[in-house]
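Chemist: Sequential numbering from 1 applies to the sequence shown in my numbering.
Note that beta-carbon positions come from the ideal geometry of N, C-alpha and C, so glycine has one too.
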Amino acid sequence: MPTLRSLGLETLAFLLAATCAGCGTPETLLCDPCRRELRPSPVEVRTPRGRTVRAALTYQGVASRCIRRLKDEGETLLARPLGAALAAAVAESQRGTDAAAVPVPTSRSAFRRRGYRVPDLLIRRAGLRPLRALSAASTRRDQRGLGVDGRARNVRGSLRARLRGEGAPVILIDDVVTTGATIDEAARVLERAGFDVVAAVALAATPLHSGFPTDSSATRRK
Ligand SMILES: [Zn+2]
Numbered sequence: 001m002p003t004l005r006s007l008g009l010e011t012l013a014f015l016l017a018a019t020c021a022g023c024g025t026p027e028t029l030l031c032d033p034c035r036r037e038l039r040p041s042p043v044e045v046r047t048p049r050g051r052t053v054r055a056a057l058t059y060q061g062v063a064s065r066c067i068r069r070l071k072d073e074g075e076t077l078l079a080r081p082l083g084a085a086l087a088a089a090v091a092e093s094q095r096g097t098d099a100a101a102v103p104v105p106t107s108r109s110a111f112r113r114r115g116y117r118v119p120d121l122l123i124r125r126a127g128l129r130p131l132r133a134l135s136a137a138s139t140r141r142d143q144r145g146l147g148v149d150g151r152a153r154n155v156r157g158s159l160r161a162r163l164r165g166e167g168a169p170v171i172l173i174d175d176v177v178t179t180g181a182t183i184d185e186a187a188r189v190l191e192r193a194g195f196d197v198v199a200a201v202a203l204a205a206t207p208l209h210s211g212f213p214t215d216s217s218a219t220r221r222k
């Protein structure tokens, strides 16, 4: 049995080996300046079908590096500060209603690869309970590398409703919104199942999609 002392040393060893996800500073998972960069500064983007998605952050610089570390490198501790950013954007969209948070489902292959579902994890770290009203129906291709039309075609029919809504209000939640094609498809499937999709919220929106000038200083920073 590990003693408390040995666990403390393991934690210490872990922290000593860690580097800040945002800037690479050693001996921390997230330094204070980078943590401040994760304060939500919500932006609104439009999906191909004209639905508004509120994103807590713009997917660039520190935010994009932290999200990649969570999604691609298994650094689930980052779900806490990122979940806090998401919570603020969800609260803005909820406006006092009791709409449940429905995560956009991740593909089965992504779940197998990671062992966790990023949107669900973020929702829990935002202090909410995910309502898993959707599931991934088919083995769709990874959306990365596809353009607007390709993404829309790729997601068509890729999601299924697991529950009947009977008019229940829900907020759709995704991690990163690129073109918004997945949000459109998820909203379509939920509405056909009888849910009232009152808002869509993402942790981050890619700057290409939202039309922001890319922050070149952020990419130059080490
Ligand atoms: Zn940092």
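Can we count G22 as close to ligand 1, meaning its CB is less than 7 Å from some heavy atom?
Modeler: Yes - ligand 1 has a heavy atom lying nearer than 7 Å to the Cβ of G22.
Chemist: Over what stretch of residues does the beta strand (DSSP E) that includes V102 continue unbroken?
Modeler: Counting along the chain, the beta strand (DSSP E) containing V102 begins and ends at 100–103.
Chemist: Exposed or buried, G180, counting other C-beta atoms within 10 Å across all chains shown (16 or more means buried)?
Modeler: Per the 10 Å Cβ criterion, buried.
Chemist: C66 and A21: beta carbons closer than 8 Å?
Modeler: Going by C-beta atoms, C66 is nearer than 8 Å to A21.
Chemist: In this structure, does DSSP put P42 in helix, strand or coil?
Modeler: Coil at P42, not helix or strand.
Chemist: Who are S135's beta bridge partners in DSSP?
Modeler: Partner(s): R160.
Chemist: With DSSP run on the structure shown, which of helix, strand or coil describes P207?
Modeler: Of the three classes helix, strand and coil, the one that applies to P207 here is helix, per DSSP.
Chemist: Starting from P119, follow the alpha helix (DSSP H) in both directions and report where the run begins and ends.
Modeler: Per DSSP, P119 belongs to the alpha helix (DSSP H) from 118–125.
Chemist: If you follow the alpha helix (DSSP H) that L57 is in, where does it begin and where does it stop?
Modeler: Unbroken run through L57 is the beta strand (DSSP E), 52–58; no alpha helix (DSSP H).
Chemist: Closest by CA to T178, which one among L9, S64, R39, T11?
Modeler: If we check each option's Cα against that of T178, S64 comes out closest.
Chemist: With a CB to CB cut of under 7 Å and the five nearest residues on each side skipped, what residues in its chain are close to L131?
Modeler: Around L131: A100, A101, V102, V170.
Chemist: So what does D174 bridge to, in DSSP terms?
Modeler: Note: D174 sits in a beta bridge opposite A202.
Chemist: I'd like to confirm something about R33: is its beta-carbon nearer than 7 Å to some heavy atom of ligand 1, or not?
Modeler: According to the sequence provided, residue 33 is Pro. The question's Arg does not apply to it. At least one heavy atom of ligand 1 is nearer than 7 Å to the Cβ of P33, so yes.
Chemist: Does the beta carbon of T58 fall short of 7 Å from some heavy atom of ligand 1?
Modeler: No, Cβ of T58 sits at least 7 Å from all heavy atoms of ligand 1.
Chemist: I'd like to know whether the C-beta atoms of L82 and L172 end up nearer to each other than 8 Å.
Modeler: No; because the gap between Cβ atoms is not below 8 Å, this pair is not in contact.
Chemist: Assuming D184 and V118 are in contact, meaning their beta carbons sit under 8 Å apart, how far apart are those beta carbons, in whole angstroms?
Modeler: The pair is not a contact, with the Cβ atoms about 19 Å apart (cut-off 8 Å).
Chemist: Hey, quick one: how far does the alpha helix (DSSP H) through E75 stretch, first residue to last?
Modeler: That residue, E75, is in no alpha helix (DSSP H); it is neither H nor E in DSSP.
Chemist: Is DSSP giving P169 helix, strand or coil here?
Modeler: Strand.
Chemist: Quick one: grab the DSSP three-state call for P26.
Modeler: Of the three classes helix, strand and coil, the one that applies to P26 here is strand, per DSSP.
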